[in-house]
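Right, one structure below, let's go through it.
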Amino acid sequence: MKIVIRNARVLTLDATGAEHDCATVVVEDGVIRSVNPGMFAPGSFGAADRDIDAAGLLVMPGLVNGHFHSSVNHLKGSLDSLPLEIFMLYESPAGAGEVAPRVAYVRTMLAAMEMLRTGTTSVLDDAFFVPAPSPPVIDAVMQAYADSGIRVVLALDQPDVPEIDKHPYLRDLLPPDLRQAAAAPPPMDAAGLLACYRHLIERWHGGAGGRLRAAVSCSAPQRVTPEYFRALDALSREHHLPFYIHVLETKVQRVFGEDCLGGRSLVRHVSDLGLLSDRLNIIHGIWLDDQDLDLIAAAGSVVAHNPISNLRLGSGVMPFRAMRSRGIPICLGTDEAIADDAVNLWGVMKLAGLIHNVTQPDYHDWPTAREVLDCMISGGARAMRSPRPLGQVSAGHQADLILLDLDTLPFTPLNDLHRQLVYCENGGSVRMTLVQGRVVFEEGRLSTVDEAAIRAEARALAAATRSAPGPGGHDAARWLPYYRQMYLSAAGREVGLTRWMGPAVSGPGVLK
Numbered sequence: 009m010k011i012v013i014r015n016a017r018v019l020t021l022d023a024t025g026a027e028h029d030c031a032t033v034v035v036e037d038g039v040i041r042s043v044n045p046g047m048f049a050p051g052s053f054g055a056a057d058r059d060i061d062a063a064g065l066l067v068m069p070g071l072v073n074g075h076f077h078s079s080v081n082h083l084k085g086s087l088d089s090l091p092l093e094i095f096m097l098y099e100s101p102a103g104a105g106e107v108a109p110r111v112a113y114v115r116t117m118l119a120a121m122e123m124l125r126t127g128t129t130s131v132l133d134d135a136f137f138v139p140a141p142s143p144p145v146i147d148a149v150m151q152a153y154a155d156s157g158i159r160v161v162l163a164l165d166q167p168d169v170p171e172i173d174k175h176p177y178l179r180d181l182l183p184p185d186l187r188q189a190a191a192a193p194p195p196m197d198a199a200g201l202l203a204c205y206r207h208l209i210e211r212w213h214g215g216a217g218g219r220l221r222a223a224v225s226c227s228a229p230q231r232v233t234p235e236y237f238r239a240l241d242a243l244s245r246e247h248h249l250p251f252y253i254h255v256l257e258t259k260v261q262r263v264f265g266e267d268c269l270g271g272r273s274l275v276r277h278v279s280d281l282g283l284l285s286d287r288l289n290i291i292h293g294i295w296l297d298d299q300d301l302d303l304i305a306a307a308g309s310v311v312a313h314n315p316i317s318n319l320r321l322g323s324g325v326m327p328f329r330a331m332r333s334r335g336i337p338i339c340l341g342t343d344e345a346i347a348d349d350a351v352n353l354w355g356v357m358k359l360a361g362l363i364h365n366v367t368q369p370d371y372h373d374w375p376t377a378r379e380v381l382d383c384m385i386s387g388g389a390r391a392m393r394s395p396r397p398l399g400q401v402s403a404g405h406q407a408d409l410i411l412l413d414l415d416t417l418p419f420t421p422l423n424d425l426h427r428q429l430v431y432c433e434n435g436g437s438v439r440m441t442l443v444q445g446r447v448v449f450e451e452g453r454l455s456t457v458d459e460a461a462i463r464a465e466a467r468a469l470a471a472a473t474r475s476a477p478g479p480g481g482h483d484a485a486r487w488l489p490y491y492r493q494m495y496l497s498a499a500g501r502e503v504g505l506t507r508w509m510g511p512a513v514s515g516p517g518v519l520k
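Below you can see the structure in the form of structure tokens.
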């Protein structure tokens, strides 16, 4: 298919930073063939399947969601803000039953719809499965992405060690019955998980003309055995896959390194295993010290910054300037809908441009709008590890593009395009979304899916879930006192740095 987008304002976000007040973009077979400054009449570039007069619109690369969990998109707004370790008791309660494939499909489609409507064209999905993955549910998730038209790189986020080995203090805090339950092996061992990965890669990797791809995930280094970690690294290396890994998201995890890894941080633990590489997408990376940052920079790893989730869960503020000054690539993500309560990257960009302003008084080190856009687009493209380049409106790049209406309030009057994209836009100005050269959203509707039917089905599934018996909050209540004490004990520990923006503790295990 050939699409000609004429007479648009074009933000290329290429290495030169080129912008065109008026240009025509020619797309053919999913790839940008040319970007031609100037005004052109219909037919100037030969016959086309679609000729779009984009006067008054901005063409730019689509947004890249650098970190997401599709599995709980149905739970937005379900919980008050809670620390991660407590939050996870409610998000993934012990004893939860297996999810039906159709439920997984609908949940995934909800997120894809929201992303495409607001200009996100690619997503790195670190999907977890309760209690464990299975080929039918993996297929359902990938089929939703295939049907929606979005670009995805999906991994299976599952641990292979018991719950009791993932946290500090827990072994001593839990009563015997809960200690025994926490010491039980996970529902699926490494062999079963690797079999699921083989299914994912053989069935889906490279599908839909390369729009559907696989990644690997160890969830976090303290949640897997070194043997499984190495097996995932081998898969990543063999197939050139991104490798997702949550690292030092919370202070509890920093204390875990102090107490359970002989005083080594989780970054140093990964480095000592020989597994710190340029294939790693280090998710969150909040409680990092200077040595951690130096190791990450030397390895060439990417860091996925999720500022809304980090605040929602009280995890802390990532050291943005310390990363940028070392040349560490940063991408931006929403994290899961239950921890962001939206799957809309415009709010993520705005907060990323603001939250770091209160971490230091030297305003020369505060993020600029251009830096935030670079993280969103270039950093996201780097994290994708796509065989064909994306993230620029440039010849040879994949045609993942969005068109925004500049005759909207966020851009009226238009004073500075970069700043107004980051600080003013909320996704409401997106008029068209193209993925792989295919128009998937225009005139207020998706062309790939019956949105009303999916929304109605999602409401019906949610109502059925609420009325069905299950562990949910009742089960979480059994564990809560002990996890709270673990959290408070870690909060009171001195670890040589802080990523909270105020006096957080007044003594061991006592919050102010």
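Residue numbers (my numbering): 9 to 520.
Idealized CB from N, CA, C, for every residue including glycine.
Proximal residues to residue i (C-beta, below 7 Å), its chain only, five neighbours per side dropped
| i | result |
| --- | --- |
| residue 62 | 13, 14, 15, 16, 411 |
| residue 168 | 194, 197, 198, 201, 232, 233, 236 |
| residue 87 | 95, 98, 346 |
Supposed contact pair residue j and residue i - C-beta distance, whole angstroms, cut 8 Å
| i | j | result |
| --- | --- | --- |
| residue 79 | residue 41 | With a Cβ gap of about 38 Å, residue 79 and residue 41 do not count as contacting. |
| residue 253 | residue 226 | 6 Å |
| residue 76 | residue 341 | 6 Å |
| residue 130 | residue 408 | 6 Å |
| residue 398 | residue 19 | The pair is not a contact, with the Cβ atoms about 15 Å apart (cut-off 8 Å). |
| residue 135 | residue 149 | 6 Å |
| residue 155 | residue 456 | 6 Å |
| residue 329 | residue 373 | 5 Å |
Extent of the continuous alpha helix (DSSP H) to which residue i belongs
| i | result |
| --- | --- |
| residue 84 | Taken as a continuous stretch (DSSP letters only), residue 84 belongs to no alpha helix (DSSP H), as it is neither H nor E. |
| residue 561 | Because the chain in this structure spans residues 9 to 520, residue 561 falls outside the shown range and cannot be described. |
| residue 185 | 184-190 |
| residue 353 | 353-362 |
| residue 301 | 298-307 |
| residue 267 | 259-268 |
Neighbourhood of residue i by C-beta, 6 Å cutoff - its chain only, sequence neighbours within 5 removed
| i | result |
| --- | --- |
| residue 466 | 114, 118 |
| residue 415 | 64 |
| residue 251 | 224, 244, 287, 288 |
| residue 218 | none |
| residue 10 | 36, 56, 57 |
| residue 60 | 13 |
| residue 385 | 21, 69, 399 |
| residue 179 | 172 |
| residue 263 | 176, 498, 501 |
| residue 365 | 374 |
Chain-order list of residues whose beta-carbon lies under 8 Å from that of residue i (same chain, five-residue window excluded)
| i | result |
| --- | --- |
| residue 428 | 418, 419, 422 |
| residue 93 | 175, 258, 260, 491, 494, 495 |
| residue 267 | 176, 177 |
| residue 448 | 124, 156, 157, 158, 441, 442, 454, 455, 456 |
DSSP three-state assignment for residue i, whether helix, strand or coil
| i | result |
| --- | --- |
| residue 369 | coil |
| residue 30 | strand |
| residue 479 | At residue 479, the pLDDT of 46 sits below 50, so the modelled position is not reliable; the number obtained from the coordinates is stated separately. It is coil, neither helix nor strand. |
| residue 275 | helix |
| residue 430 | helix |
| residue 383 | helix |
| residue 36 | strand |
| residue 73 | strand |
| residue 318 | helix |
| residue 130 | strand |
| residue 95 | helix |
| residue 440 | strand |
| residue 280 | helix |
| residue 392 | helix |
| residue 68 | strand |
| residue 413 | strand |
| residue 422 | coil |
Range of the contiguous beta strand (DSSP E) that encloses residue i
| i | result |
| --- | --- |
| residue 222 | 220-222 |
| residue 247 | Note, residue 247: premise wrong, no beta strand (DSSP E); alpha helix (DSSP H) at 234-247. |
| residue 333 | Note, residue 333: premise wrong, no beta strand (DSSP E); alpha helix (DSSP H) at 328-333. |
| residue 115 | Not the beta strand (DSSP E): residue 115 falls in the alpha helix (DSSP H), residues 109-125. |
| residue 45 | 39-45 |
| residue 312 | 310-313 |
| residue 16 | 10-19 |
| residue 6 | Residue 6 lies beyond the stretch modelled for the chain, which goes from 9 to 520, so this question has no answer here. |
| residue 526 | Not covered by the structure: residue 526. The range shown for the chain is 9 to 520. |
Any non-hydrogen atom of the ligand PLP within 8 Å of residue i CB
| i | result |
| --- | --- |
| residue 307 | No copy of the ligand PLP appears in this structure; indeed no ligand is present at all. |
CB contact check: residue i to chain B, cutoff 9 Å
| i | result |
| --- | --- |
| residue 487 | Absence of chain B from the displayed structure is noted, only one protein chain being present. |
ask   = If you scan the segment 139-182 from start to end, which runs of the beta strand (DSSP E) of 3 or more residues do you find wholly inside it?
value = 159-164
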